[in-house]
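*Asks:* Residue numbers (numbering that gives the first Met the number 0): 0 to 260.
Just so you know, even glycine gets a beta-carbon here, dropped at the ideal spot from N, CA and C.
It should be emphasised that the depicted structure is a prediction, and the values quoted were computed from it without experimental measurement.
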Amino acid sequence: MITAELQCGVNEVAVDCPRDCSFDSCPKSRHHDKTPCPTPETCPPPTCKCIFNHRRADNGTCIPTTECPPFECSGVREVYDSCPSWCPSQECENASPTDECPFFILTVVECSPACRCQPHHWRDNGTCVPYYECLEDTCGPNEHLKDGISCKSDCCPGEDCPDPCASSCTCDLQYHRVSNGSCIPSRQCPPIDCPLNEHFDVCPVCNEGCDNAVASGKRCRFVGRVGTTVICEPACRCDDGYWRNNNKRCVPYEECRESTI
0 MITAELQCGV NEVAVDCPRD CSFDSCPKSR HHDKTPCPTP ETCPPPTCKC
50 IFNHRRADNG TCIPTTECPP FECSGVREVY DSCPSWCPSQ ECENASPTDE
100 CPFFILTVVE CSPACRCQPH HWRDNGTCVP YYECLEDTCG PNEHLKDGIS
150 CKSDCCPGED CPDPCASSCT CDLQYHRVSN GSCIPSRQCP PIDCPLNEHF
200 DVCPVCNEGC DNAVASGKRC RFVGRVGTTV ICEPACRCDD GYWRNNNKRC
250 VPYEECREST I
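#1: Just the C-alpha distance for E109 and Q173, rounded to the nearest angstrom, thanks.
#2: Counting only beta-carbon atoms, is N245 nearer than 8 angstroms to chain B?
#3: Three or more beta-carbon pairs under 8 angstroms between the segment 194 to 213 and the segment 134 to 154, yes or no?
#4: Rounded to whole angstroms, what's the CA-CA distance from D171 to P140? Just pull it up for me.
#5: Measuring alpha carbon to alpha carbon, tell me which of H31, D32, P43, D57 ends up nearest D15.
#6: Is the separation between the beta-carbon of P63 and that of N52 shorter than 8 angstroms?
#7: For the beta strand (DSSP E) that C237 lies in, which residues bound it at each end?
#8: Using the Cβ count rule (16 or more neighbours within 10 Å means buried), how would you classify S167?
#9: Are at least three pairs of beta-carbons, each pair with one atom in the segment 152 to 164 and one in the segment 179 to 195, less than 8 angstroms apart?
#10: Assign C255 to one of two classes, buried (16 or more other C-beta atoms within 10 Å of its C-beta) or exposed (fewer than that).
#11: Could you check how far apart the C-beta atoms of C231 and V201 are, in whole angstroms? I think they sit under 8 angstroms.
#12: For a test of the three-state rule: what should DSSP assign to A94, helix, strand or coil?
#13: In the DSSP assignment, find the unbroken alpha helix (DSSP H) run with C133 in it and report its ends.
#14: Quick check: D32 and S24, are their CB atoms within less than 8 angstroms of each other?
#15: Using the rule of at least 16 other Cβ atoms within 10 Å of the residue's Cβ for burial, across every protein chain shown, is P26 buried or exposed?
#16: Give every residue of the same chain whose Cβ lies closer than 7 angstroms to the Cβ of I183, excluding the five residues on either side of it in the sequence, and list them in chain order.
#17: Along the chain, where does the beta strand (DSSP E) that runs through R55 open and close?
#18: Assign H120 to buried or exposed, taking buried as 16 or more other Cβ atoms, counted over all protein chains shown, within 10 Å of its Cβ.
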């Protein structure tokens with residue numbers, strides 16, 4: 000039992016079977032807290048230890064761990080962190096564009112000062128690298144890393160694709176994503192049922208708005224121009240002789256004329 004005569008100081012607590020641990024004191028290097036803390040075969044005399052999340056400073060007092068003098072972090076893109084959280088981890092496999100932990104954590108962390116990667120950097124084989132370098136090998140066939148954070152959909156119409164905001168990859172030009180997550184040629188997007196007076200077009204190229212309506216029904220007056228590259232965006236398009244009005248409905252040429260008079 001702890002003797003009644005043992006008097007502890009500020010931020011100290013009496014311990015009846017103390018262990019001699021390196022993390023009792025403020026760390027001097029990144030390896031300080033990694034030293035094993037042996038359990039004695041025979042209990043030494045009771046002593047005073049620093050309370051939770053406090054360390055013994057050079058002057059012998061117990062101070063908050065977060066107030067310990069920082070040690071040098073010599074690694075590339077590393078910074079000193081007096082109380083790093085365990086989530087998110089530092090590894091590339093857990094990299095996220097926001098650096099935020101995906102879980103709601105309601106717990107008090109025991110502070111263990113460490114060298115951590117600077118914001119938006121993660122460890123690849125121990126070296127801190129930018130977020131995008133963690134993802135260089137994560138994109139599948141016919142896709143590539145996004146240029147920044149984008150929520151633009153690359154999904155074929157009607158397909159149940161993953162949330163584009165949650166992915167760091169997007170389909171290559173002239174490819175679209177399907178429900179299984181893979182990117183296929185845009186012209187191979189499965190057809191969908193379209194509204195009245197519309198049909199599915201894997202690569203629409205011409206303006207179908209009422210403001211371009213002509214009696215002949217012809218929309219493509221510029222198809223075949225040399226040097227023109229058409230980017231396919233599969234969609235429902237108006238049938239021949241129909242044009243899309245301001246209400247997004249496909250109507251005959253006569254109704255387009257009535258709406259503009």
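*Replies:* This is what the structure gives:
#1: 51 angstroms
#2: Looking at the structure shown, chain B is missing, and only one protein chain is on hand.
#3: no
#4: 9 angstroms
#5: P43
#6: yes
#7: 234 to 237
#8: buried
#9: yes
#10: buried
#11: 6 angstroms
#12: coil
#13: 130 to 133
#14: no
#15: buried
#16: Y174, H175, V177
#17: 53 to 55
#18: buried
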